[in-house]
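Novice: Got a structure here, written out as structure tokens. Questions coming.
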Amino acid sequence: MKRAKLLHLSLLLMVIGGCLTWLTSVRGTIHLRPGIEVCDFVDSGGEVRKLPFSLTLKEFQTDYYPGMSFPQDFRSILTIDGTEMAISMNHIGRVGAWRIYQQSFDGQGGSIVEMVRDPWGILAVYLGFILFAVAGFPMLFGRKALSLGLLCVSLGAMASPVNESQQVIFNGRVVPYATVASELTFKLTGAQKVGGMNSSDFVYSLMEYPRLWAEKPFLKTKAGFISPASLYDAQGQYIPQLKYQGGEGKEDAELLCIDEKIALLSQLWQGELFIPAPKESRRPEAEVRAEVLYVKIQPVKWFFMFALMFGILGVIPRIGAIGRIGSMVAFGLSLLIFSWRWWILGHCPVVGTGEVMFFASLCLCGCSVWLWRKYAFAGALSLIMAGFAALISWLNVKNPSMTPLMPVLNSPWLSIHVSLVMISYALLGMVSILALGSLIRRRFMVVVQKLLPVGVYFLGLGIIVGSMWANVSWGRYWGWDPKETAALITFLVYSVALHPWFKRRLTARGQAIFLTAAFLTILMTYVGVNYLPSLHSYQ
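Below, the structure is given as structure tokens:
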């Protein structure tokens, strides 16, 4: 009972903090130019306000990904009352109660920064964050087998003419040639082999014989395969550009896909898609060999088939024990693949749909191992869900976006935020599926009652960490962005089922129907809001 009161108090503190921010905060922007001292700024209401200090831009710097014109980070070197200070994305400056955020730049050596003064609102909100984390923490260790596992997860034909281990700079990373070849081949053709050639041989052939390949129909489209040359008319005009209707036409989405393929081909043929890595940038040979092996094996493909097979076997009564062994092996394999990818990427692999879905698969495997101790059918169901999540991951990773990481994502907050949210979605997804199953087998509600509070707690932590990240990057901890608003709705909907009056007023059947329908909020959060303009649309 005390824990429930503390959790409600934490939410009240967050609301009070939001009100204080609305009533007392001051924010505005300054367009700084090198060498020009500034002592005032324009606030969000258009009013000019004086600063208690002077601000001068000494220099604006942009770091680019090696061999690319895509910014990796940008920073402003400021002089504040004679003291030098550097600010950049995810690294804010502080002067008294004022916080200075790197917002943008003008491309002419100038910098646009945001000034924020909100000491009381941030204090109240962060106290609420801390109280929520502390008050909910005992729930985890009330279920040691589940919580410790989740915490660990959250930390947790012919020789190619080109050496597949040759290190090149591609999308801001030093990678083996095999990685570039694999991603490019699938992006262009929808397959890993072309005419008997593996991806490394195919890309080498593209580079060596551009005129020959320009006439060959190897670009995959919805209508079939076409050649690059067929995209130009007799006058040499680019047909997709002529047909494109600014996003309003029925064929515009397909035209953009074709245009992306042509742009990649053009970069390849002009020698701009990747360049040899200089000696000082090269990675250890062990890492490179590990990445080449990863590209060749495609472990996610084999993993999703393994998880689906043993999940289905686990449903069969007489051989269910096989499924239990399979769930433990699947969890070990998923953890190995996740760690393997983390090693070769150099950062936590939770960027983009493919990587996030595999992390969800890892969480579901851990959930499956825990469930199988007492609820074999639920464990098998969790393993099947893990297999489907891995399948979605494989389909997305096969067709990568082929763009480097944005500066705002280059932050340790990323892995923590995404990990917590995906753990919660995996748990709450299982809650809804088991609630549906409880309409047939009532004993599943026992599992639901164990998973529900932990899932809600992890979602709350994920939202909190995301808010703290936003406060560091954008100067605000809440902005009613579609994604964060949908996540809050999901949190509130599932939280309803934790209250005692919910259990008193609804029958077991009514509770099951409610929790099953609640899964729609997760679908809306993860899929639906992607069709709305959002700061979460990074790729």
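Note that our numbering has the sequence shown beginning at 1, numbered continuously upward.
Backbone N, C-alpha and C fix where the C-beta goes; we use that ideal spot for every residue, glycine too.
Keep in mind it's a predicted model, so treat the numbers as computed, not measured.
Quick one: which unbroken beta strand (DSSP E) runs of 3-plus residues sit fully inside the region 195–236? Chain order, please.
Specialist: 219–221, 224–226
Novice: Is the distance from the Cβ of residue 430 to the Cβ of residue 367 below 8 Å?
Specialist: A contact, by the Cβ cut-off of 8 Å.
Novice: Give every residue of the same chain whose Cβ lies closer than 8 Å to the Cβ of residue 112, excluding the five residues on either side of it in the sequence, and list them in chain order.
Specialist: 29, 30, 31, 32, 103, 104, 105, 106
Novice: Mapping DSSP to helix, strand and coil, what is residue 240?
Specialist: helix
Novice: Going by the CB atoms, is the gap between residue 327 and residue 379 shorter than 8 Å?
Specialist: A Cβ-Cβ contact shorter than 8 Å links residue 379 with residue 327.
Novice: With three or more beta-carbon pairs closer than 8 Å as the criterion, would you say the region 115–129 touches the region 75–89?
Specialist: no
Novice: Between residue 269 and residue 210, which are expected to be in contact by the criterion C-beta below 8 Å, what is the C-beta distance as a whole number of angstroms?
Specialist: That pair is a contact at about 5 Å.
Novice: Measure the CB-CB distance between residue 281 and residue 169 and report whether it falls below 8 Å.
Specialist: yes
Novice: Leaving aside the five residues before and after residue 369 along the sequence, list all residues of the same chain whose C-beta is less than 6 Å from its C-beta, in chain order.
Specialist: 327, 328, 331
Novice: Please classify residue 481: is it buried, with 16 or more other beta-carbons within 10 angstroms of its beta-carbon, or exposed?
Specialist: buried
Novice: Using three-state DSSP, classify residue 500 as helix, strand or coil.
Specialist: helix
Novice: Straight-line CA distance for residue 540 to residue 116?
Specialist: Outside the modelled stretch of the chain, which goes from 1 to 539, sits residue 540, for which no answer is possible.
Novice: Can you name the start and end residues of the beta strand (DSSP E) that residue 101 belongs to?
Specialist: Per DSSP, residue 101 is one residue of the beta strand (DSSP E) stretching across 98–105.
Novice: If you draw a straight line from the C-alpha of residue 9 to the C-alpha of residue 129, how long is it?
Specialist: 10 Å
Novice: How is residue 43 classed by DSSP in three states: helix, strand or coil?
Specialist: strand
Novice: Taking the alpha-carbon positions, what's the residue 35 to residue 272 distance?
Specialist: 36 Å
Novice: Helix, strand or coil: how does DSSP classify residue 274 here?
Specialist: It is coil, neither helix nor strand.
Novice: Identify which residue in 365, 516, 419, 296 has its Cα closest to the Cα of residue 355.
Specialist: Of the listed residues, the one whose Cα sits closest to residue 355 is 419.
Novice: Could you tell me whether the Cβ atoms of residue 447 and residue 494 are closer together than 8 Å?
Specialist: No, the pair does not count as a contact, with Cβ atoms beyond the cut-off.
Novice: With a cut-off of 8 Å on the beta carbons, I'd call residue 81 and residue 54 a contact; round off their distance for me.
Specialist: 6 Å
Novice: Would you check if the distance between the CB atom of residue 394 and the CB atom of residue 300 is smaller than 8 Å?
Specialist: yes
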